[in-house]
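A.B. asks: Numbering-wise, this note's numbering comes out as the position in the sequence shown, counting from 1, plus 173.
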Amino acid sequence: RLTPKIGFPWSEIRNISFNDKKFVIKPIDKKAPDFVFYAPRLRINKRILALCMGNHELYMRRRKPDTIEVQQMKAQAREEKHQKQLERAQLENEKKKREIAEKEKERIEREKEELMERLRQIEEQTMKAQKELEEQTRRALELDQERKRAKEEAERLEKERRAAEVAKAALAKQAADQMKNQEQLAAEIAEFTAKIALLEEAKKKKEEEASEWQHKAFAAQEDLEKTKEELKSVMSAPPPPPPPPVIPPTENEHDEHDENNAEASAELSSDGVMNHRSEEERVTETQKNERVKKQLQALSSELAQARDETKKTQNDVLHAENVKAGRDKYKTLRQIRQGNTKQRIDEFEAM
Numbered sequence: 174r175l176t177p178k179i180g181f182p183w184s185e186i187r188n189i190s191f192n193d194k195k196f197v198i199k200p201i202d203k204k205a206p207d208f209v210f211y212a213p214r215l216r217i218n219k220r221i222l223a224l225c226m227g228n229h230e231l232y233m234r235r236r237k238p239d240t241i242e243v244q245q246m247k248a249q250a251r252e253e254k255h256q257k258q259l260e261r262a263q264l265e266n267e268k269k270k271r272e273i274a275e276k277e278k279e280r281i282e283r284e285k286e287e288l289m290e291r292l293r294q295i296e297e298q299t300m301k302a303q304k305e306l307e308e309q310t311r312r313a314l315e316l317d318q319e320r321k322r323a324k325e326e327a328e329r330l331e332k333e334r335r336a337a338e339v340a341k342a343a344l345a346k347q348a349a350d351q352m353k354n355q356e357q358l359a360a361e362i363a364e365f366t367a368k369i370a371l372l373e374e375a376k377k378k379k380e381e382e383a384s385e386w387q388h389k390a391f392a393a394q395e396d397l398e399k400t401k402e403e404l405k406s407v408m409s410a411p412p413p414p415p416p417p418p419v420i421p422p423t424e425n426e427h428d429e430h431d432e433n434n435a436e437a438s439a440e441l442s443s444d445g446v447m448n449h450r451s452e453e454e455r456v457t458e459t460q461k462n463e464r465v466k467k468q469l470q471a472l473s474s475e476l477a478q479a480r481d482e483t484k485k486t487q488n489d490v491l492h493a494e495n496v497k498a499g500r501d502k503y504k505t506l507r508q509i510r511q512g513n514t515k516q517r518i519d520e521f522e523a524m
């Protein structure tokens, strides 16, 4: 009953019968075969047949035409039903209208609340804008005061800048003056250095001249002694015979005499010279005077800082190497005199 199986429509059944346990259903179509099944007991077939007869009675009752009374009752029922439907529709319409009105009222209330909330927000925004306006006004006043202070500070800084420029110009002038003084001092140092070199050279020449005059004086003294000895010998010896007449030689005779005399010699006498190496014991002015030495060293340091390294000559480089090695003219003379004569001759021949 819960899940009935549909085999064929009820209107297509022509006859229903059973014989003992055999149950037969005959359709209206005579060409169609009978539907036959067997029940386990006879009473089941009886119940099926009774059920089919009752079902057929209900089937026919529902399909036969109604009587006038039934038709009137159905018409009245339909009218009442229609009236109820109209009333129900009217009630439903009124209910919908009431719901719409309530919704509209709720919407109006909601919009009212929203408008009130919006009004409150606008009031808050207005108050906030008023506060911001006041704050901006106060800030504008502060900014104006800051602007005035900045302007005053800018004017003060401008004054200080001008004063700094004046001081800078003064310092630049002072620096230029100092540079001029340094250049002048460097020129004076160079001049004094040149003068010192000239004085050293003049002193050396004077010493050489004095040594030369001393040698000449010793030579003149020796000549004087020789002359005295010759006079003594002449005065003590007998008078010689008269000399033959002297014929002055001609130029050709001098040439022949020079050609015949192929050898000559000269004595380099150094008698009377007490010290042959006096120049090795010479002392410069800087060695004797410590103050002049320090002053020259300071001036040399200042000149070295101001010197342009790109404009050095070969002589400047050689002088710097000699100063760095500690070489001077007196040291060179002492080195030349080192060793014996044979060693110096060998070194000279090896050059």
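Cβ coordinates follow ideal geometry from the N, Cα and C atoms, glycine included.
#1: Got a sec? Which residues, its chain only, sit under 6 Å from I201 by beta carbon, not counting five neighbours each side?
#2: Out of curiosity, what's the CA-to-CA distance linking K389 and N488?
#3: For F208, which residues of its own chain have a beta-carbon under 6 Å away from its beta-carbon, when the five flanking residues on both sides are left out?
#4: When you compare the region 380–389 with the region 474–482, are there three or more beta-carbon pairs, one atom per stretch, that lie closer than 8 Å?
#5: Would you kindly work out how many angstroms separate the C-alpha atoms of E282 and E307, rounded to a whole number?
#6: Tell me which same chain residues have a C-beta within less than 6 Å of the C-beta of N218, skipping the five on either side of it?
#7: At the level of alpha carbons, what is the spacing between K269 and V243?
#8: Determine the contact status of I189 and L215, defining contact as a CB-CB distance below 8 Å.
#9: Could you please give me the residues that DSSP links to I189 through a beta bridge?
#10: Could you pull the start and end residues of the alpha helix (DSSP H) that A498 belongs to?
#11: Which residue marks the beginning of the alpha helix (DSSP H) containing N462, and which one marks its end?
#12: Would you call the region 463–477 and the region 358–377 in contact, with 3 or more CB pairs under 8 Å?
#13: By the DSSP assignment, the alpha helix (DSSP H) with E230 in it spans what residues?
#14: Which runs of the beta strand (DSSP E) spanning at least 3 residues fall entirely within the region 234–322, listed in chain order?
#15: Could you tell me the alpha carbon to alpha carbon distance between Q256 and E267, rounded to whole angstroms?
#16: Using the Cα positions of K194 and R220, report the straight-line distance between them to the nearest angstrom.
#17: Please list, in chain order, all residues of the same chain as A302 whose beta carbon is under 8 Å from its beta carbon, the five residues on each side excluded.
#18: Would you list the residues sitting across from K209 in a DSSP beta bridge?
#19: Have a look at P182 and F210 and give me their C-alpha separation to the nearest angstrom.
#20: May I have the straight-line CA-CA distance separating A393 from E403, to the nearest angstrom?
#21: Put H430 into one of helix, strand or coil per three-state DSSP.
#22: Can you give the Cα-Cα distance for E475 and K376, rounded to whole angstroms?
#23: Using the Cα positions of K346 and Q478, report the straight-line distance between them to the nearest angstrom.
C.D. replies: The answer reads as follows:
#1: E185, R187
#2: 37 Å
#3: Correct list, in chain order: I198.
#4: no
#5: 36 Å
#6: F191, F196, A212
#7: 37 Å
#8: no
#9: I198
#10: 487–498
#11: Premise fails: N462 is in no alpha helix (DSSP H) and is neither H nor E.
#12: yes
#13: 215–236
#14: none
#15: 16 Å
#16: Going from the Cα of K194 to the Cα of R220 covers about 12 Å.
#17: none
#18: The question names Lys, but residue 209 is Val in the sequence shown. V197, per the DSSP bridge assignment.
#19: 18 Å
#20: 15 Å
#21: Note on H430: pLDDT 46, under 50, position unreliable in the model; no value is reported.
#22: 28 Å
#23: Their backbone Cα atoms lie some 22 Å apart in a straight line.
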